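Q:
Numbering (my numbering), first residue to last: 860 to 1072.
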């Protein structure tokens, strides 16, 4: 006959049945030993399974950093659209905003697949946000200087996007998570965006930098 102590230390039959149904692997060896019955579920069946940490994934961090820049560019373009209403630059800004938003949404999808990550360039992103805010405040000023500065800022950001797509094309060769994207086409499209923005800025410079009396 089993002693009362032995019986108390043994897990109840319901525990054994649940464990059997879940087909607990040898990873269960790292469970803490308990002397009281506890419920078994899919959530706690493998407590020792290593969880993915986006903060340790360089690719997730890289995408998140560029996503932050894309959001700043989108906000600036929306402000530029509002100040250019019924002006020659309005149609160009509206088309560019649609393209930049589409790129940002694609980047958002890619980033969410990998996890939120963390911003490893907090200081740089903070500087970009501050610069964008300064430019947005200047958009309402008299003259075209604020618009010129906004276009230059956007051109610089789009160049970063060109580099982003080219970099991801290289990384895709060794990382299956990046498969299914035409990074060459995305880079070419971004380069076209940059050239058009730069050209608009150069045209605007003819009047924006003219000395007024």
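For glycine and all other residues, C-beta sits at the position ideal for the given N, C-alpha and C.
Here the structure is a predicted model, which means the values were calculated and not measured.
#1: Can you tell me whether residue 1020 is buried or exposed? The criterion is at least 16 other CB atoms within 10 Å of its CB, across all chains shown.
#2: Are the CB atoms of residue 1038 and residue 812 within a distance shorter than 8 angstroms?
#3: Answer with buried or exposed for residue 866, where buried requires no fewer than 16 other C-beta atoms within 10 angstroms of its C-beta.
#4: Measuring CA to CA, which of 1043, 1065, 972 is closest to residue 919?
#5: Can you give the Cα-Cα distance for residue 963 and residue 1035, rounded to whole angstroms?
#6: Using the Cα positions of residue 1040 and residue 1067, report the straight-line distance between them to the nearest angstrom.
#7: Output yes or no for whether 8 angstroms exceeds the beta carbon distance between residue 960 and residue 942.
#8: Whole angstroms is fine: what's the gap from residue 937's alpha carbon to residue 915's?
#9: For residue 958 and residue 1011, what's the separation of their Cα atoms in angstroms?
#10: Candidates 956, 1017, 1025: which alpha carbon is nearest residue 1057's?
#11: Confirm the yes/no value for this check: CB of residue 1012, any heavy atom of the ligand PLP, distance under 7 angstroms.
A: So, from the listed chains and residues:
#1: Label assigned to residue 1020: buried.
#2: For the chain, the structure presents residues 860 to 1072; residue 812 sits outside this window and is missing.
#3: The predicted model places residue 866 with a pLDDT of 46, which falls under 50 and marks its position as unreliable; any figure quoted below should be read in that light. Flag for residue 866 reads exposed.
#4: Checked all of 1043, 1065, 972; the closest Cα to residue 919 is 972.
#5: When rounded, the distance between both Cα atoms is 21 angstroms.
#6: The C-alpha of residue 1040 lies about 40 angstroms from the C-alpha of residue 1067.
#7: Against a cut-off of 8 angstroms, the Cβ pair of residue 942 and residue 960 comes out as no contact.
#8: Each residue's alpha carbon lies about 34 angstroms from the other.
#9: Each residue's alpha carbon lies about 17 angstroms from the other.
#10: Closest by alpha carbon: 1017.
#11: Annotation note on the ligand PLP: not contained in the displayed structure, which lists no ligands.
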